[in-house]
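*Asks:* Below you'll find the structure I mean.
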Amino acid sequence: MAKMMYRDAVVSTLHEEMERDESIVVLGEDVVGGMGTEGGPEAIGGIWSTSTGLYDKFGADRVIDTPISESAIMGAAGGLALTGKRPVAELMFADFIGVSLDQIWNQIAKFRYMFGGKTRCPAVLRMAYGAGFNAAAQHSQSVHHILTGMPGLKVVMPSTPEDVRGLLRTALRSDDPVIFLEHKALYGVEGEVPDGDYTIPFAHARQVRSGEDVTIIATGLMVGLAEAAADTLAEDGIGCDVIDLRTTSPMDEEAILDSVEVTGRLVIVDEAPPRCNLATDISAIVAQKAFASLKAPIEMVTAPHSPIPFALELERAYLPSADDVEAAVRKTLSYR
Amino acid sequence: MQLSREELVQAFRRMCTIRAFEERLHDVIATGEIAGFTHLYCGQEAVAVGVCEHLDNEDKIVSTHRGHGHCLAKGCDVTGMMKEIWGSSEGLCKGRGGSMHIADTDKGMLGANGIVGAGAPIAVGSAISQKIDGDGKVTITFSGDGACNQGTTFEAMNMAVVTKAPCIFVFENNHYSEHTGFEYAVGTSKDIASRAEAFGMKVWRGDGCDFTSVYETMREVLEYVRAGNGPAAVEFDTERFYGHFEGDPQNYRGEGEIDRIRETRDCLKIFREQATGAKLLDDKELDEIQQAAIDDVEAAVEASRAAPRPQPDDVTKDVYVEY
Chain L
217 MAKMMYRDAV VSTLHEEMER DESIVVLGED VVGGMGTEGG PEAIGGIWST
267 STGLYDKFGA DRVIDTPISE SAIMGAAGGL ALTGKRPVAE LMFADFIGVS
317 LDQIWNQIAK FRYMFGGKTR CPAVLRMAYG AGFNAAAQHS QSVHHILTGM
367 PGLKVVMPST PEDVRGLLRT ALRSDDPVIF LEHKALYGVE GEVPDGDYTI
417 PFAHARQVRS GEDVTIIATG LMVGLAEAAA DTLAEDGIGC DVIDLRTTSP
467 MDEEAILDSV EVTGRLVIVD EAPPRCNLAT DISAIVAQKA FASLKAPIEM
517 VTAPHSPIPF ALELERAYLP SADDVEAAVR KTLSYR
Chain Y
81 MQLSREELVQ AFRRMCTIRA FEERLHDVIA TGEIAGFTHL YCGQEAVAVG
131 VCEHLDNEDK IVSTHRGHGH CLAKGCDVTG MMKEIWGSSE GLCKGRGGSM
181 HIADTDKGML GANGIVGAGA PIAVGSAISQ KIDGDGKVTI TFSGDGACNQ
231 GTTFEAMNMA VVTKAPCIFV FENNHYSEHT GFEYAVGTSK DIASRAEAFG
281 MKVWRGDGCD FTSVYETMRE VLEYVRAGNG PAAVEFDTER FYGHFEGDPQ
331 NYRGEGEIDR IRETRDCLKI FREQATGAKL LDDKELDEIQ QAAIDDVEAA
381 VEASRAAPRP QPDDVTKDVY VEY
C-alpha cells in the first residue's frame with residue numbers, strides 16, 4: 217500500500233498503461249503545454265497535472281497536444297479508435313461536451329452498433345467535472361446523467377485514488393468507449409492505493425459503510441458527503457449502508473436493490489440538477505423492482521434546477537452538503 | 081488518358097455500378113418498397129471512383145450521408161450494401177445502419193455519416209493513426225459544399241495541419257447544400273479550396289465530372305501526402321442529378337437545369353467520349369460493361385428482396401463489446 221493523490225493516480229496509471237500497451241495515445245488541449253512557446257514543451261502537463269511527464273517519456277506521436285478544438289479532439293479519438301489505437305482524449309472541462317457532443321454521442325457511442333458489430337471503438341474520454349471552485353456556470357457541471365442515458369457509452373465516476381487506478385486500468389483495457397469523469401475537488405485528495413496491477417470491474421459498486429437502517433447511494437464527490445453523514449448518524453445509533461456506484465453505465469443495480477431490501481429506506485445523493493438525473497433514474501428502478509421493500513418515500517439530495525452560480529455563498533447553497541444528506545436520512549427515518 | 085486498358089475498364093465498371101445502383105434505388109424508393117432517407121450520388125461518380133482507384137484497403141475513407149458512391153468505389157460489396165439499404169440482417173451492417181451508416185472497416189471504409197461535417201474530425205484521427213504507424217497510408221474525407229460550412233470541418237483542417245496528419249480533404253462541390261445554392265451559402269470566397277489553403281494546406285482543383293481530371297489530380301495529391309508532407313485538400317466541381325433526398329420535389333432547380341447537366345456534365349458520357357476518342361475502348365465494350373453493372377445491381381435487388389429480416393431480439397445486440 218502507498219499513499220497517493222487522486223491526480224497522481226490518474227497520471228501514474230497512464231504512465232504504466234502506456235508502457236504496457238503501445239497502442240495507447242493521449243490527446244487534448246495542453247496535455248503537453250507550452251508547444252510553440254519559448255518556454256518549450258512540457259510546460260504544463262495538463263492543467264490538472266494529469267499528463268505530467270507523458271510527452272517526455274512517450275514522445276509527440278503518442279502524446280498529442282491539440283488546438284482548442286473539442287469536436288476535432290473527440291472526433292480524432294473516434295478515428296484513432298476505429299483504426300486500432302486506444303486514444304485517451306482529455307476534455308479539459310466536462311462542460312465542453314456542449315461543443316463536442318456530436319462526436320461523442322452520434323459517432324463514438326454508435327459506431328459499433330451502426331456498423332453491425334463489426335468495429336470496436338476503445339476510446340477513453342477523460343473529463344474533469346464538478347462544482348466547488350467558483351468556476352461558475354460553464355466550468356463546474358456534473359454531466360454524468362446526460363452521458364449515462366446514451367447507449368454505447370460506459371460512464372465511470374471514481375471517488376478515491378484506489379478506484380481511479382483500478383477503474384482507469386479497466387477503461388484502458390476495455391474495447392468500448394468509456395467516459396472517465398474525474399471530480400476537480402478530488403484531484404488533491406490523498407488515499408491508500410494497493411500495490412500491483414489490480415483492476416476494478418465496471419458495474420461493481422463499493423460498499424463504503426455498512427448499516428441496516430438506511431441505504432445511501434452516491435458517486436464521485438458525493439460519496440464523501442454520504443460518508444460524513446453516515447459517521448455523524450452512527451453516533452446516534454443510525455446505521456447507514458453507503459454505496460459508491462463507481463460506474464453509472466453499466467450500473468450495479470443488484471447492489472442497490474439488495475441494500476434496499478434490507479433497509480427499506482433510500483437516500484440518493486446526486487451532484488446533478490434534479491430533473492432526469494441519476495437520482496431520478498435510480499428511484500424509478502427501485503420503485504419498479506423493490507417497491508415492496510420500501511418503508512418510506514425515496515429521498516433525493518441533488519443540486520437545484522439552476523445553472524451553477526459564481527459567488528461563494530451561492531455555490532455553497534447550490535452544492536449538496538453532508539448536512540443535507542443527514543437531514544434526508546432523518547426525514548426518511550421519521551416517515552411513520 | 082494514361083491509364084491501362086484494364087484500369088480503364090475497372091474504373092468505368094465502378095462508375096457504372098454506382099450509376100445503376102442509384103438509378104435502381106431511385107425507382108424502388110418511389111414505389112415505397114424500402115424505408116428511410118436516401119441520398120443519391122448520381123452525377124458525382126467520377127469523384128468517388130477517380131479518388132478510390134488510387135487506394136488499397138489500408139487507405140481509409142470517411143464518407144457522408146450521400147455515401148453509396150464512396151462505399152462502392154472503395155470496394156464494399158454491392159449485394160451487401162443493397163441488403164443493408166433493404167434493412168436485411170444480411171446487410172453489410174446487419175440492417176442496423178441503413179443508407180446513411182454503411183461501413184466496412186475491412187475495406188478501409190470508416191462509415192457514411194448522417195451528420196453533415198462529422199466525418200472530417202474522424203478522418204483526422206484515422207490519419208494520425210497512420211502517421212504513427214508510418215506506413216505511407218492516407219485517410220480521405222469526403223465533404224460537400226454543405227459540410228464545408230461546418231465548424232467541425234474547420235477544426236479538422238486546422239488539426240490536420242497542426243498534427244501533419246496524412247489526411248486529404250476532398251470537397252465535392254455539387255452546388256447544393258441540401259436545397260440551398262452554393263452561391264448563397266459559401267460566403268464571399270465562392271471557392272472551397274481557398275478556404276483549405278487559408279488553413280495552410282496545399283490545394284488542388286479539378287473537374288469532378290471528368291474521371292481523368294479527378295484521377296490525375298489525385299495522383300499528384302496522393303504523391304504529395306504519401307511523401308509525408310502533411311494534409312492536403314482538393315475541390316472537385318461536380319453535379320447532383322437527383323434531389324437532396326429521394327422525394328425532394330427539386331422546385332429550386334432552374335428550368336431545364338437537370339436536362340442540361342445530364343446532357344453536358346454526365347461523367348459517364350464524358351468518359352465514353354474520351355475512351356472512344358482515344359480508341360482505348362469502343363462503344364460496344366463500354367455498353368457491355370454498363371449492362372453487366374446493371375445486371376449485377378438487379379441481382380443485388382432480387383437477393384435483397386429474398387434476404388432474411390432481422391429478428392426483434394437483435395435490437396440490443398452489439399451496443400457494446402462487453403456487457
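Note that the protein sequences, when read in sequence, are chains L and Y. Taking our numbering as reference, the numbering of the first sequence is continuous, increasing by one, and the terminal residue is 552. Taking our numbering as reference, the numbering of the second sequence is continuous, increasing by one, and the terminal residue is 403. Note that CB positions come from ideal geometry on N, CA and C, so glycine has one too.
So if DSSP puts Q323 (chain L) in a beta bridge, which residue, or which two residues, is it bridged to?
*Replies:* Position 107 of the first sequence, counted from the start, is the residue given in the question as residue 323 (chain L). For Q323 (chain L), which the question treats as bridged, DSSP gives no partner whatsoever.
*Asks:* Near E365 (chain Y), which residues of its chain fall below 6 Å by C-beta distance, leaving aside the five closest residues on each side in sequence?
*Replies:* In the second sequence, counting from the first residue as 1, residue 365 (chain Y) sits at position 285. Contacts found: none.
*Asks:* Quick one, which of Y:I220, Y:Q124 and Y:V108 has its alpha-carbon nearest F321 (chain Y)'s?
*Replies:* Along the second sequence, read from residue 1 onward, the residue named residue 321 (chain Y) stands at position 241. Here the closest residue by C-alpha is Y:Q124.
*Asks:* Would you mind working out which of Y:M189, Y:E170 and Y:G116 sits nearest L432 (chain Y), comparing C-alpha positions?
*Replies:* The question about residue 432 (chain Y) has no answer here: the residues shown for chain Y are numbered 81 through 403.
*Asks:* Taking the alpha carbon of Q357 (chain L) as the reference point, which residue from L:S550, L:T548, L:D540 and L:S522 has its own alpha carbon closest?
*Replies:* For the purposes of this step, residue 357 (chain L) is taken as residue 141 along the first sequence, with counting starting at 1. Taking only the C-alpha atoms, the option nearest Q357 (chain L) is L:S522.
*Asks:* Got a sec: which bits of the stretch 184-203 of chain Y sit with their beta carbon under 8 Å from any beta carbon on chain L, in order along the chain?
*Replies:* Taking 8 Å as the Cβ-Cβ cut-off, the stretch 184-203 of chain Y approaches chain L at D184, T185, D186, L190, G191, N193, G194, I195, A198, A200, P201, I202 and A203, given in chain order.
*Asks:* Would K163 (chain Y) count as contacting chain L if we go by Cβ distances under 8 Å?
*Replies:* Here residue 163 (chain Y) is taken as the residue at index 83 of the second sequence, counted from 1. No, K163 (chain Y) lies away from the interface with chain L (no Cβ there is under 8 Å from its Cβ).
*Asks:* Measure the alpha-carbon distance for S293 (chain Y) versus A313 (chain Y) and round it to whole angstroms.
*Replies:* As a working note, residue 293 (chain Y) is residue 213 in the second sequence. As a working note, residue 313 (chain Y) is residue 233 in the second sequence. Approximately 15 Å between the Cα atoms of the pair.
*Asks:* Going by the CB atoms, is the gap between A293 (chain L) and S305 (chain L) shorter than 8 Å?
*Replies:* Taking the first residue of the first sequence as position 1, residue 305 (chain L) is located at position 89. Taking the first residue of the first sequence as position 1, residue 293 (chain L) is located at position 77. Sequence check: residue 305 (chain L) is Ala here, not Ser. Yes; because the gap between Cβ atoms is below 8 Å, this pair is in contact.
*Asks:* Pull up the distance between the alpha-carbon of D379 (chain L) and that of M221 (chain L), whole angstroms please.
*Replies:* For the purposes of this step, residue 379 (chain L) is taken as the residue at position 163 of the first sequence. For the purposes of this step, residue 221 (chain L) is taken as the residue at position 5 of the first sequence. Going from the Cα of D379 (chain L) to the Cα of M221 (chain L) covers about 12 Å.
*Asks:* Quick test of the definition: if touching needs 3 or more C-beta pairs under 8 Å, does the stretch 175-193 of chain Y touch the stretch 143-161 of chain Y?
*Replies:* yes
*Asks:* If you pair each beta-carbon of the stretch 534-544 of chain L with each one of the stretch 465-475 of chain L, do three or more pairs fall below 8 Å?
*Replies:* no
*Asks:* Below 8 Å on the Cβ atoms is my guess for D429 (chain L) versus T479 (chain L); work out the distance and round it to an integer in Å.
*Replies:* Reading the first sequence from its first residue, position 213 is the one you call residue 429 (chain L). Reading the first sequence from its first residue, position 263 is the one you call residue 479 (chain L). About 6 Å separates the two Cβ atoms, so the contact holds.
*Asks:* Counting only beta-carbon atoms, is D391 (chain L) nearer than 8 Å to chain Y?
*Replies:* In the first sequence, residue 391 (chain L) corresponds to position 175, counting from 1. By this cut-off, D391 (chain L) is an interface position.
*Asks:* Using a Cβ cut-off of 7 Å, pull out every chain Y residue sitting near S499 (chain L), in sequence order please.
*Replies:* The residue labelled residue 499 (chain L) in the question sits at position 283 within the first sequence. Result: empty, since nearest Cβ-Cβ is about 23 Å, beyond 7 Å.
*Asks:* Against C173 (chain Y), what residues of chain L qualify as contacts under a CB-to-CB distance less than 8 Å, listed in chain order?
*Replies:* Within the second sequence, residue 173 (chain Y) is the residue found at index 93, counting from 1. Those within 8 Å of C173 (chain Y) in chain L are M330, F331, G332 and K334.
*Asks:* Do H119 (chain Y) and F279 (chain Y) have their CB atoms nearer than 8 Å?
*Replies:* In the second sequence, counting from the first residue as 1, residue 119 (chain Y) sits at position 39. In the second sequence, counting from the first residue as 1, residue 279 (chain Y) sits at position 199. Not in contact: H119 (chain Y) and F279 (chain Y) (Cβ atoms no closer than 8 Å).
*Asks:* Please list, in chain order, the chain Y residues whose beta carbon lies closer than 7 Å to that of S285 (chain L).
*Replies:* Counting from one through the first sequence, the residue named residue 285 (chain L) turns up at place 69. Result: E235, N238 and M239.
*Asks:* Buried or exposed: which applies to L105 (chain Y), given that a residue is buried once 16 or more other Cβ atoms fall within 10 Å of its Cβ?
*Replies:* Within the second sequence, numbered from 1, the residue matching residue 105 (chain Y) stands at position 25. Buried, since its Cβ has 16 or more Cβ neighbours within 10 Å.
*Asks:* Could you work out which residues of chain Y lie near F274 (chain L), taking near to mean beta carbons separated by less than 9 Å?
*Replies:* Counting from 1 along the first sequence, the entry for residue 274 (chain L) is found at position 58. Ordered by position in chain Y, no residue passes the 9 Å Cβ test against F274 (chain L), which lies about 11 Å from the chain.
*Asks:* Whose C-beta lies closer than 7 Å to the C-beta of S499 (chain L) among residues of the same chain, with five residues either side of it excluded?
*Replies:* Here residue 499 (chain L) refers to the residue found at position 283 of the first sequence. Result list for S499 (chain L): I484, I514 and M516, in chain order.
*Asks:* Please tell me whether R176 (chain Y) has its Cβ less than 8 Å away from any Cβ of chain L.
*Replies:* Here residue 176 (chain Y) refers to the residue found at position 96 when the second sequence is read from its first residue. True, the Cβ-Cβ gap to chain L drops below 8 Å.
*Asks:* Would you mind working out which of Y:I341, Y:R285, Y:G226 and Y:V127 sits nearest T260 (chain Y), comparing C-alpha positions?
*Replies:* Along the second sequence, read from residue 1 onward, the residue named residue 260 (chain Y) stands at position 180. Residue Y:G226 is the option with its Cα nearest to T260 (chain Y).
*Asks:* Return the residues of the stretch 292-313 of chain L that lie within a Cβ-Cβ distance of less than 8 Å from chain Y, sorted by chain order.
*Replies:* A292, A293, G294, G295, L296, A297, L298, T299, G300, K301 and P303
*Asks:* Where DSSP assigns a beta bridge to S168 (chain Y), which residues make up the other side?
*Replies:* Along the second sequence, read from residue 1 onward, the residue named residue 168 (chain Y) stands at position 88. S168 (chain Y) pairs with nothing; no bridge assigned.
*Asks:* Would you say W166 (chain Y) and A373 (chain Y) are within 8 Å of each other, going by their C-beta atoms?
*Replies:* Mapped onto the second sequence, residue 166 (chain Y) falls at position 86. Mapped onto the second sequence, residue 373 (chain Y) falls at position 293. In this structure, A373 (chain Y) does not lie closer than 8 Å to W166 (chain Y) by Cβ.
*Asks:* Across the stretch 318-332 of chain L and the stretch 275-285 of chain L, are there enough close Cβ pairs to call them in contact, namely three or more that are closer than 8 Å?
*Replies:* They do not touch, by the three-pair rule.
*Asks:* Note the first and the last residue of the continuous alpha helix (DSSP H) segment covering R385 (chain Y).
*Replies:* Indexing the second sequence from 1 puts residue 385 (chain Y) at position 305. Residues D363 to A386.
*Asks:* Would you call S84 (chain Y) buried or exposed, if buried means 16 or more other Cβ atoms sit within 10 Å of its Cβ?
*Replies:* In the second sequence, residue 84 (chain Y) corresponds to position 4, counting from 1. S84 (chain Y) is exposed by the Cβ-count criterion.
*Asks:* Can you find the residues in the same chain that come closer than 7 Å, C-beta to C-beta, to I208 (chain Y), ignoring five residues on each side of it along the sequence?
*Replies:* Numbered from 1 along the second sequence, position 128 holds the residue referred to as residue 208 (chain Y). Taken in chain order, the residues that qualify are T243 and A245.
*Asks:* Label T435 (chain L) either buried or exposed according to how many other C-beta atoms from any shown protein chain fall within 10 Å of its C-beta, with 16 as the threshold for buried.
*Replies:* Within the first sequence, residue 435 (chain L) is the residue found at index 219, counting from 1. So T435 (chain L) ends up on the buried side.
*Asks:* Any C-beta of chain Y sitting closer than 8 Å to the C-beta of I280 (chain L)?
*Replies:* In the first sequence, residue 280 (chain L) corresponds to position 64, counting from 1. By this cut-off, I280 (chain L) is an interface position.
*Asks:* State the DSSP-derived secondary structure class of Q423 (chain L), mapped to helix, strand or coil.
*Replies:* For the purposes of this step, residue 423 (chain L) is identified with residue 207 of the first sequence, where counting begins at 1. DSSP places Q423 (chain L) within a strand segment (E or B) once states are collapsed to three.
*Asks:* Enumerate in chain order the residues of its own chain whose CB-to-CB distance from G455 (chain L) is below 7 Å, with the five nearest sequence positions on each side excluded.
*Replies:* Residue mapping note: residue 455 (chain L) aligns to position 239 of the first sequence, counting from 1. Correct list, in chain order: G427, E428 and D429.
*Asks:* Can you tell me which of the three DSSP states Y295 (chain Y) falls into?
*Replies:* Here residue 295 (chain Y) corresponds to residue number 215 of the second sequence, with the count starting at 1. Y295 (chain Y) falls in the helix class under three-state DSSP.
*Asks:* Distance cutoff 8 Å, beta carbons only. Does F327 (chain L) sit that close to anything in chain Y?
*Replies:* If you number the first sequence from 1, residue 327 (chain L) lands on position 111. Yes - at least one Cβ of chain Y is within 8 Å of the one on F327 (chain L).
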